[in-house]
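J.: Next up is a structure, given as structure tokens.
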């Protein structure tokens, strides 16, 4: 059968994928069927097509049998399309003389009846055989990679990624929304399971960021817009006013002392409202940058314009305070982007029966972290709201995790941080500590040993999901934790002085808008979606944008740092390659058919199409075209073609699916 | 209706949302009706009305288009273009006697594997109930067209 570019000798390869495909699809029948189709020179089935022998089979057959087209029926093209294109090219064919048929994710894994699954696979295969005859040889375009990197989010993930890249000699822009970097880790007291203090391991890295000549740190800043594509992103960053000039402030904090507010009155965000701050403040003593910030919502000068401005007086010739500072818009060009935007803590008010916000002595775990921290609001003393030290504490696990009413997933860190808090509370106060858990999850290096140690220290573990927290009726201001102890098979009511809720981790409340801004996806829980859970865990579906830390899903500090390092390495790999090959699925205009109607111009979201004035014909700028094909579908005269998705190819696919040949 | 009639559906899924959702349904081992065959396109905006007509012309019992949710399109607004064409096509198809249930546009994000399952099952069930496509006769035409 003669078709354009040949295409008469296709090789068809059916993958068993162990039993993943072969268990549901009759692979032998499928291969026999494929061999009977016109244009197919040979058809084989093999255990694992993606393995070395599988790949070699294709290369050898191209050579021995003069194959001119390759079809592999296996998993999703998302997984191995690139692999087999490379194999096709290695065999001496154009890599786009390859087509992949998805008979795993779309067939064997979703159907049970072998006959109908095999029938479906045959239809898809027939469509591919018809389509592939029409495939054109295509060239990949290459585009240079800008060597600068943008890191969004200055928690431990962003810090580690930025430092790794900067140490490799790359210029990094680190953009953080808050007045300081450090993220949630800066709020923690000690870290499990080694119990080294969070500040001792984090603050040197924060300082390193500030000192690093390759890092431009922008706090109080947000990414406002993103244009471009991998290697060539143009980023607009909005820098909010701090009202204290970063270059001039020396961080002496005299202005805090001098503020006309004699008493601090504003709830301190860093300490979760457990202490107060003034309108001019520094989030915490080790903040980076060591520059104060004025909160315009509470500063008298901003409210009335009639403040005595004692802060300006004391700042004197340093002259660092500027009430007229304006928002700044910066535009930067980068080649790759690492998103490390972190997470939010689950709001326990959503579970009313735990009484958070109702009973004063119900705390979140993060509040306890702050309280127990030596530089925290109580100087490291664990206190009830009335100032007493608790004699008994109940820690409730899985608050907002593993619960069909809130979040179904496990937040991964709560068991371990609850054990850590149990230890610290016992150490500081000698209180009786109860830990109410559903399952104790301690998978990690030295985690189980830590659990055993905490048990030996006398923490009382109660297996059961807490049903209710209510005030005791003895008039002693205690709280009663009601729980079904599933090991004793009885309901227990345990009075305690303090309840600690081990709140889970949630996707950041802005995750959806950030996702849209960077054109990436979210999983159903709202965390950013990685390209592949195992093989591309820090990549996204948008090339050149990588993920690090809890924005991708709950994880502890070691995993976060590992992931940040991986994201930095992926970014570095692109930069070092210098250029990247882009998919050739762009659209182009056949001038002789174009009538110059300009219908396509308004279709293109990237302004890639223009009308050549002298010819009155449409013209597509291949650099700007991202290959969606919307213009192709809109062209009334059929004069636009999209590589890899040509009209004829798709028609052939449709006809192939429906042909009963 | 022939015995054991099973409708055949041609599905056009966008590469970034619905195709991935179908992959997710697979990796999650969700089971659904095996009636649809997926044609991958980069964007639901790539679906030329002629693809839909060709599918029906070659005997499809139903056509399903899957794209990203409005506002989430990988190419900004290709899905909105798909919606416009869908609404236009729906009227054309109705006029030629193809029942509304046979042509469907669904927004399914990459996270919504369960939605793929639900739509596949629902559409297959509806088309099964509807039976094979009939050749249009003058009397089958909607009144407003016949008049």
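Chains as they are written, first to last, in our numbering: chain X, 274 to 934; chain Y, 13 to 159. Ideal Cβ placement from N, Cα and C applies to all residues, glycine included.
Can the beta-carbon of residue 287 of chain X be found less than 9 Å from the beta-carbon of residue 304 of chain X?
T.: A contact, by the Cβ cut-off of 9 Å.
J.: The stretch 812-824 of chain X: which residues have C-beta closer than 9 Å to a C-beta of chain Y, in chain order?
T.: Those would be 814 and 815, in chain order.
J.: Look up residue 98 of chain Y in the DSSP assignment and say whether it is helix, strand or coil.
T.: Reduced to three states, the DSSP call for residue 98 of chain Y is helix.
J.: Counting C-beta neighbours from all protein chains within 10 Å, is the total for residue 132 of chain Y 16 or more, i.e. buried, or is it exposed?
T.: When all chains shown are included, residue 132 of chain Y counts as buried.
J.: Just how far apart, CA to CA, sit residue 76 of chain Y and residue 626 of chain X?
T.: Distance between the alpha carbons of residue 76 of chain Y and residue 626 of chain X is about 45 Å.
J.: I need the boundaries of the beta strand (DSSP E) containing residue 74 of chain Y, first residue and last residue.
T.: 74-79 is the extent of the beta strand (DSSP E) around residue 74 of chain Y.
J.: Quick one: complete beta strand (DSSP E) runs, 3+ long, within the stretch 574-653 of chain X?
T.: Counting whole runs of 3 or more residues, the stretch 574-653 of chain X contains the beta strand (DSSP E) stretches 601-607, 609-612, 616-618 and 635-637.
J.: Of the choices X:825, X:768 and X:343, whose alpha-carbon is the least far from that of residue 781 of chain X?
T.: If we check each option's Cα against that of residue 781 of chain X, X:825 comes out closest.
J.: For the beta strand (DSSP E) containing residue 662 of chain X, list its first residue and its last residue.
T.: Taken as a continuous stretch (DSSP letters only), residue 662 of chain X belongs to no beta strand (DSSP E), as it is neither H nor E.
J.: Sorted by chain position, which residues of the same chain lie with C-beta nearer than 6 Å to residue 733 of chain X's C-beta, five sequence neighbours on each side aside?
T.: Within the same chain, residue 733 of chain X has close Cβ partners 707.
J.: Name the DSSP beta bridge partners of residue 117 of chain Y, please?
T.: Residue 117 of chain Y pairs with Y:77.
J.: Just verifying my parser: in three-state terms, what is the DSSP assignment at residue 858 of chain X?
T.: Residue 858 of chain X: coil per DSSP, three-state reduction.
J.: Between the stretch 899-928 of chain X and chain Y, which residues of the former have CB atoms less than 8 Å from a CB of the latter, in chain order?
T.: Per Cβ criterion, the list reads 899, 900, 901, 902, 903, 905, 906, 907, 915, 918, 920, 923, 924, 926, 927 and 928.
J.: Taking all protein chains shown into account, do 16 or more other C-beta atoms lie within 10 angstroms of the C-beta of residue 290 of chain X, making it buried, or fewer, making it exposed?
T.: It counts as buried.
J.: Name the DSSP bridge partner or partners of residue 372 of chain X?
T.: The partner list for residue 372 of chain X (beta bridge, DSSP) reads X:344.
J.: Can you give me the start and stop residues for the beta strand (DSSP E) that residue 923 of chain X sits inside?
T.: It is not in any beta strand (DSSP E) - residue 923 of chain X instead sits in the alpha helix (DSSP H) that spans 920-931.
J.: Using a Cβ-Cβ distance cut-off of 9 Å, determine whether residue 525 of chain X contacts chain Y.
T.: Not an interface residue.
J.: Skipping 5 residues on each side, what residues in its chain have a beta carbon closer than 7 Å to that of residue 549 of chain X?
T.: Within the same chain, residue 549 of chain X has close Cβ partners 537, 538, 539, 540 and 541.
J.: Which residue wins for smallest C-alpha separation from residue 162 of chain Y, given the options Y:56, Y:39 and Y:66?
T.: Here chain Y covers residues 13 to 159 and nothing more, so residue 162 of chain Y does not appear.
J.: Please go through the same chain and pick out, in chain order, the residues whose beta-carbon is closer than 6 Å to the beta-carbon of residue 23 of chain Y, but skip the five residues on each side of it.
T.: If we look at residue 23 of chain Y and ignore the five residues flanking it on each side, its Cβ neighbours are 48, 50 and 76.
J.: What residue from Y:125, Y:60, Y:111 and Y:107 has the CA that sits closest to residue 979 of chain X's CA?
T.: With chain X represented from 274 up to 934, any question about residue 979 of chain X goes unanswered, as that position is not in the structure.
J.: Where in the stretch 284-348 of chain X do unbroken runs of the alpha helix (DSSP H), each at least 4 residues long, occur, reported from the N-terminal end onward?
T.: For the stretch 284-348 of chain X, whole alpha helix (DSSP H) runs of length 4 or above, ordered along the chain, are 300-309 and 325-338.
J.: Nearest by alpha-carbon distance to residue 455 of chain X: which of X:556, X:414 and X:552 is it?
T.: Checked all of X:556, X:414 and X:552; the closest Cα to residue 455 of chain X is X:556.
J.: Tell me which residues share the same chain as residue 571 of chain X and place their Cβ nearer than 6 Å to its Cβ, disregarding the 5 neighbours each side in the sequence.
T.: 539 and 552.
J.: With DSSP as the reference, please indicate the residues paired to residue 780 of chain X in a beta bridge.
T.: DSSP lists X:616 as partners of residue 780 of chain X.
J.: Secondary structure at residue 357 of chain X, three-state DSSP: helix, strand or coil?
T.: DSSP places residue 357 of chain X in helix when its eight states are reduced to three.
J.: Identify every residue that forms a DSSP beta bridge with residue 805 of chain X.
T.: In the DSSP output, where bridge partners are listed per residue, residue 805 of chain X has X:809.
J.: Which of the three DSSP states is assigned to residue 62 of chain Y in this structure?
T.: In the structure shown, residue 62 of chain Y sits in a helix (DSSP, three-state: H, G or I).
J.: Taking the DSSP output, what are the residues bridged to residue 977 of chain X?
T.: With chain X covering only 274 through 934, there is no way to say anything about residue 977 of chain X.
J.: By alpha-carbon positions, which one of Y:41, Y:107, Y:54 and Y:31 ends up nearest to residue 898 of chain X?
T.: When only C-alpha atoms are compared, the closest one is Y:54.
J.: Counting only Cβ pairs nearer than 8 Å, list the residues of chain X close to residue 51 of chain Y.
T.: The answer, in chain order, is 400, 923, 926, 927 and 930.
J.: Residue 63 of chain Y CB to nearest chain X CB: under 9 Å?
T.: With 9 Å as the cut-off, residue 63 of chain Y counts as an interface residue toward chain X.
J.: Just how far apart, CA to CA, sit residue 153 of chain Y and residue 928 of chain X?
T.: Residue confidence is low: residue 153 of chain Y scores 49 on pLDDT, short of 50, so the model does not pin down where it sits. No coordinate-derived value is stated.
J.: Buried or exposed for residue 129 of chain Y, going by 16 or more other Cβ atoms inside 10 Å?
T.: Flag for residue 129 of chain Y reads buried.
J.: I'd like the list of long-range same chain contacts for residue 699 of chain X, defined as Cβ closer than 8 Å, with 5 residues on each side in sequence excluded.
T.: Closer than 8 Å at the Cβ level, and outside the excluded window around residue 699 of chain X, lie 706, 730, 731 and 732.
J.: Going straight from the alpha carbon of residue 400 of chain X to that of residue 668 of chain X, what length do you get?
T.: Whole-angstrom Cα-Cα distance: 59 Å.
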